[in-house]
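Asks:
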Amino acid sequence: MKTPNNNSRTFTFDPKEEDLRSRLCQGLLTVLGRQVGSCCQSTCLETLRILSRDKRVLGPVGTREGMLVLAGLARLQAGEEGGDSLQEDAQTEEEEKVVVEALKCLCNVVFNSVAAQQVGADVQLARGLCSRLHAARAGCHEVGLFSLRLLFLLSALRPDVRGGLQRELHAVGLLTEVLERTLDLRWVGPYEVAHPGLQALPIPAEDNERAMEALKALFNLTLSDTSDEGGDHQLRLVTAIMRHLLMLKTQTEDKTEEAHSHTINLLSNLPVSCLDVLIDLPVQGGQEEYSGKNMDAVQVLLDFMEKRIDKGANYKEGLTPVLSLLTEGSRYHREIRRYIKTQVLPPLKEVKVRPEIGSTVRNKLVRLMTHVDMGVKQSAAEFLFVLCKESVDHLLKYTGYGNAAGLLVARGLLAGGRGETLYSDDEDSDTEEYKSAKPFINPITGHVEEPMPNPIEDMTEDQKEYEAQKLVNMFDKLSRQQLIRPMGVRRDGTLAPLEEALRQPTADSCSSDSD
Numbered sequence: 001m002k003t004p005n006n007n008s009r010t011f012t013f014d015p016k017e018e019d020l021r022s023r024l025c026q027g028l029l030t031v032l033g034r035q036v037g038s039c040c041q042s043t044c045l046e047t048l049r050i051l052s053r054d055k056r057v058l059g060p061v062g063t064r065e066g067m068l069v070l071a072g073l074a075r076l077q078a079g080e081e082g083g084d085s086l087q088e089d090a091q092t093e094e095e096e097k098v099v100v101e102a103l104k105c106l107c108n109v110v111f112n113s114v115a116a117q118q119v120g121a122d123v124q125l126a127r128g129l130c131s132r133l134h135a136a137r138a139g140c141h142e143v144g145l146f147s148l149r150l151l152f153l154l155s156a157l158r159p160d161v162r163g164g165l166q167r168e169l170h171a172v173g174l175l176t177e178v179l180e181r182t183l184d185l186r187w188v189g190p191y192e193v194a195h196p197g198l199q200a201l202p203i204p205a206e207d208n209e210r211a212m213e214a215l216k217a218l219f220n221l222t223l224s225d226t227s228d229e230g231g232d233h234q235l236r237l238v239t240a241i242m243r244h245l246l247m248l249k250t251q252t253e254d255k256t257e258e259a260h261s262h263t264i265n266l267l268s269n270l271p272v273s274c275l276d277v278l279i280d281l282p283v284q285g286g287q288e289e290y291s292g293k294n295m296d297a298v299q300v301l302l303d304f305m306e307k308r309i310d311k312g313a314n315y316k317e318g319l320t321p322v323l324s325l326l327t328e329g330s331r332y333h334r335e336i337r338r339y340i341k342t343q344v345l346p347p348l349k350e351v352k353v354r355p356e357i358g359s360t361v362r363n364k365l366v367r368l369m370t371h372v373d374m375g376v377k378q379s380a381a382e383f384l385f386v387l388c389k390e391s392v393d394h395l396l397k398y399t400g401y402g403n404a405a406g407l408l409v410a411r412g413l414l415a416g417g418r419g420e421t422l423y424s425d426d427e428d429s430d431t432e433e434y435k436s437a438k439p440f441i442n443p444i445t446g447h448v449e450e451p452m453p454n455p456i457e458d459m460t461e462d463q464k465e466y467e468a469q470k471l472v473n474m475f476d477k478l479s480r481q482q483l484i485r486p487m488g489v490r491r492d493g494t495l496a497p498l499e500e501a502l503r504q505p506t507a508d509s510c511s512s513d514s515d
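Structure below.
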């Protein structure tokens, strides 16, 4: 017979033995419900943890009785006011192992069983978890880690649990305290954490693991309105901690990127009015040219964005959150927009190369404006549009009409103009190189093209007329076969079928010229 250790990496199971595994689950729960030694409990729980990876055999475990057995072994007094106060210092190593294995089982069962999710909500597992997190100051790393992971799963899978965590258990504030303890924060202002310093050590691996689980749970809790959670003050505290996390390093570059990714996802959930906390650091100070604001965190976000672009894959989940965050921050915070524009859209000097060709951040973002994924290209285009203060003329200067056409169609701005957001009056100065080349720039491609030979230069007038008529006939045939549909631009800048677009000015002029 194989021991649990032999099967610790087993994730696929033989369908023919499904009934046997289900009965084994029931037998294990029966044993765990009795007064047996810690060593026996650990072995049973390790076995149950492996079995709980199979969704089809969780019937006995996903019951109220099964969940209460596991909750008891995890030292969670489910459903009771006051919950559990885990006496970690008094536990032996074997007892701690039992608690950890029970929490791991609960994580698997809740993740894989809808019935278990319902029972978890009914017996108020979340209340017991919050009580543990309130009481835990140090103690076993894995107890804290899997308590946070179970809280994350419950808040992700059960909207009703998420609501209770927000309103009744004040879990946003609780998880903020967890992050403060885990990261050993020192506050130097209302919303300013002491700078870690250039020589600061990386976050210890275990602390980083717990912090990531707390961030994931906070992400769930901030998906909806958190006004009952302490309002603006609580969310600004969270923003300050997120800024601190952006400035920290972990044990490896990949772990640092993962930490920054979770931080960005959480920042994207917070009201945009809180983002001034990222740059307003009275104690540390900032840059004079940006009204004394500190742009270090914004630079970290820009570096993260470029790194995700360079990866060339998984743009939807990996890139769009940071693009969205930078877009909204730039839209509503003038100093953020001014700083990002100097980094992404510096004054134009090189106009002989198409804007999508090259290795600058601008080149990379312009390439994304024609990406096959609609969400990615819209995010990239919107970001550049906001950096241009939603001015069509400014956007076309940096991207060319061809790259920007999709955004202009979606916004109804094909005829030019501006978006709806009001921006400050700081000027966009042109370089001498751009001013001298501007008359020769092709507005479609956005660069100065080499002179091309005129294909009709040597044709007679009759030949030109023949070729023109031939082209008209080809378009007419394609149109009648409904392979293409000629379109025009209405006076409001939106697209319409050509015949409709041509009729509109006539109707307008008739009404304006009437006596």
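By full-length UniProt numbering, the letter at position 60 of the sequence shown is numbered 60, and the numbering carries on one by one without gaps. For every residue, glycine included, the Cβ atom is placed at its ideal position computed from N, Cα and C. None of these values were measured; they are calculated from a predicted model.
(1) Where does Q469 land, buried or exposed, given buried means 16+ other C-beta within 10 angstroms?
(2) For P497 and M487, what's the separation of their Cα atoms in angstroms?
(3) By Cβ distance below 7 Å, which residues in the same chain neighbour L129 in space, the five residues on each side in sequence not counted?
(4) Using DSSP's beta-bridge definition, name the partner residues of P497.
(5) I'd like the span of the beta strand (DSSP E) that includes G189, first residue to last.
(6) Tell me whether the stretch 61-73 and the stretch 109-116 touch, counting them as touching only if at least three CB pairs, one residue from each stretch, are closer than 8 Å.
(7) Can you grab the Cα-Cα spacing for the pair V283 / K97, in whole Å?
(8) To which residues of the same chain is S38 closer than 6 Å at the C-beta, ignoring the five residues directly before and after it?
(9) Looking at the unbroken alpha helix (DSSP H) that takes in L345, where does it start and where does it end?
(10) Indicate whether residue 518 and E356 have their beta-carbon atoms separated by less than 7 Å.
(11) Exposed or buried, what is Q481 when buried is set at 16 or more other beta-carbons lying within 10 Å of its beta-carbon?
(12) Out of K377, G446, P15 and F13, point me to the one whose CA is closest to R348's CA.
(13) Skipping 5 residues on each side, what residues in its chain have a beta carbon closer than 6 Å to that of T327?
(14) Classify N294 as buried or exposed, calling it buried when 16 or more other Cβ atoms lie within 10 Å of its own Cβ.
(15) Please determine, among A156, P455, S324 and V351, the residue with the shortest C-alpha to C-alpha distance to S224.
(16) Ordered along the chain, which non-local residues of its own chain (more than five positions away) have a Cβ less than 6 Å from that of E390?
(17) For P321, does the count of other Cβ atoms within 10 angstroms reach 16, so buried, or fall short, so exposed?
(18) Whole angstroms is fine: what's the gap from L495's alpha carbon to S268's?
(19) Mind checking who residue 555 pairs with in its DSSP beta bridge?
(20) Take F11 and list the residues in its own chain whose beta-carbon comes closer than 6 Å to its own, dropping the five residues that flank it on each side.
(21) When we look at the beta-carbon of T92 and count the other beta-carbons within 10 Å, is it buried (16 or more) or exposed?
(22) Spell out the partners DSSP gives R418 in its beta bridges.
(23) From what residue to what residue does the alpha helix (DSSP H) around N112 run?
(24) Compute the beta-carbon to beta-carbon distance between L407 and Q343, rounded to the nearest angstrom, for a pair I have assumed lies under 8 Å.
(25) Consult DSSP for E17 and reduce its assignment to one of helix, strand or coil.
(26) Quick check for students: name the residue ranges of the alpha helix (DSSP H) that lie wholly in the stretch 252-333, counting only runs of 4 or more.
(27) Where does V119 sit, in a helix, a strand or coil, going by DSSP?
(28) What's the C-alpha gap between residue 518 and E17?
(29) Can you tell me which of the three DSSP states V351 falls into?
(30) Report yes or no: do the stretch 428-448 and the stretch 392-404 share at least 3 C-beta pairs separated by less than 8 Å?
(31) Can you tell me whether V193 is helix, strand or coil according to DSSP?
(32) Using 7 Å as the threshold, is the C-beta distance between V351 and A297 below it?
(33) Can you have a look at E289 and say buried or exposed, based on whether 16 or more other CB atoms are within 10 angstroms of its CB?
(34) Please classify Q124: is it buried, with 16 or more other beta-carbons within 10 angstroms of its beta-carbon, or exposed?
(35) Would you please state the rounded distance, in angstroms, between the beta carbons of L270 and V238? I believe it to be under 8 Å.
Replies: On the basis of the supplied data:
(1) Reading the sequence shown from its first residue, position 469 is the one you call residue 469. With fewer than 16 other Cβ atoms within 10 Å, it is exposed.
(2) On the sequence shown, position 497 is the one that residue 497 refers to. On the sequence shown, position 487 is the one that residue 487 refers to. Their backbone Cα atoms lie some 4 Å apart in a straight line.
(3) Residue numbering aside, residue 129 sits at position 129 when the sequence shown is read from its first letter. Within the same chain, L129 has close Cβ partners L76, S147, L150 and L151.
(4) As a working note, residue 497 is residue 497 in the sequence shown. Paired residue(s): M487.
(5) As a working note, residue 189 is residue 189 in the sequence shown. Its beta strand (DSSP E) spans residues W187 to G189.
(6) yes
(7) Reading the sequence shown from its first residue, position 283 is the one you call residue 283. Reading the sequence shown from its first residue, position 97 is the one you call residue 97. One C-alpha to the other measures close to 45 Å.
(8) To locate residue 38, count along the sequence shown from 1; it is residue 38. Counting only Cβ-Cβ distances below 6 Å, and skipping sequence neighbours, we find E94, E95 and V98.
(9) Locating residue 345 in the sequence shown gives position 345, where the first residue counts as 1. Where L345 is concerned, there is no enclosing alpha helix (DSSP H), given that its DSSP letter is neither H nor E.
(10) Look at the range of the chain in this structure, 1 to 515, and you will see that residue 518 is not part of it.
(11) Taking the first residue of the sequence shown as position 1, residue 481 is located at position 481. Its Cβ having fewer than 16 others within 10 Å, Q481 is exposed.
(12) Along the sequence shown, read from residue 1 onward, the residue named residue 348 stands at position 348. The sequence shown places Leu at residue 348, not Arg. Among K377, G446, P15 and F13, the Cα nearest to that of L348 is on G446.
(13) Residue mapping note: residue 327 aligns to position 327 of the sequence shown, counting from 1. Excluding sequence neighbours, T327 sits near E382, F383 and V386.
(14) Counting from 1 along the sequence shown, the entry for residue 294 is found at position 294. Burial call: buried.
(15) Working through the sequence shown from its first residue, we reach residue 224 at position 224. For S224, the nearest C-alpha among the options comes from A156.
(16) As a working note, residue 390 is residue 390 in the sequence shown. Contacts found: R418, G419 and T421.
(17) For the purposes of this step, residue 321 is identified with residue 321 of the sequence shown, where counting begins at 1. Flag for P321 reads buried.
(18) Residue numbering aside, residue 495 sits at position 495 when the sequence shown is read from its first letter. Residue numbering aside, residue 268 sits at position 268 when the sequence shown is read from its first letter. Their backbone Cα atoms lie some 33 Å apart in a straight line.
(19) Past the edges of the chain, shown from 1 to 515, lies residue 555, and the structure says nothing about it.
(20) Here the question's residue 11 lines up with position 11 in the sequence shown. Excluding sequence neighbours, F11 sits near R53.
(21) The residue you call residue 92 lines up with position 92 of the sequence shown. Its Cβ having fewer than 16 others within 10 Å, T92 is exposed.
(22) Position 418 of the sequence shown holds residue 418. Answer is S391.
(23) What you label residue 112 is simply residue 112 of the sequence shown in a count that begins at 1. That run of the alpha helix (DSSP H) goes E93 to N112.
(24) Within the sequence shown, residue 407 is the residue found at index 407, counting from 1. Within the sequence shown, residue 343 is the residue found at index 343, counting from 1. That belief does not hold up - the Cβ atoms of L407 and Q343 are roughly 21 Å apart, past 8 Å.
(25) Residue numbering aside, residue 17 sits at position 17 when the sequence shown is read from its first letter. The answer is helix: DSSP assigns E17 an H, G or I state.
(26) 253-269, 296-311, 315-318 and 320-332
(27) As a working note, residue 119 is residue 119 in the sequence shown. Three-state result, V119: helix.
(28) With the chain covering only 1 through 515, there is no way to say anything about residue 518.
(29) Within the sequence shown, numbered from 1, the residue matching residue 351 stands at position 351. In this structure, V351 counts as coil in the three-state DSSP scheme.
(30) yes
(31) Numbered from its first residue, the sequence shown carries residue 193 at position 193. Residue state, collapsed to three classes: strand.
(32) The sequence position of residue 351 within the sequence shown is 351, counting from 1. The sequence position of residue 297 within the sequence shown is 297, counting from 1. No, they are not a contact pair.
(33) Position 289 of the sequence shown, counted from the first residue, corresponds to residue 289. Result: exposed.
(34) Reading the sequence shown from its first residue, position 124 is the one you call residue 124. The residue in question, Q124, is buried, as its Cβ has 16 or more Cβ neighbours within 10 Å.
(35) On the sequence shown, residue 270 is found 270 positions in, with the first residue counted as 1. On the sequence shown, residue 238 is found 238 positions in, with the first residue counted as 1. Confirmed, Cβ separation roughly 7 Å.
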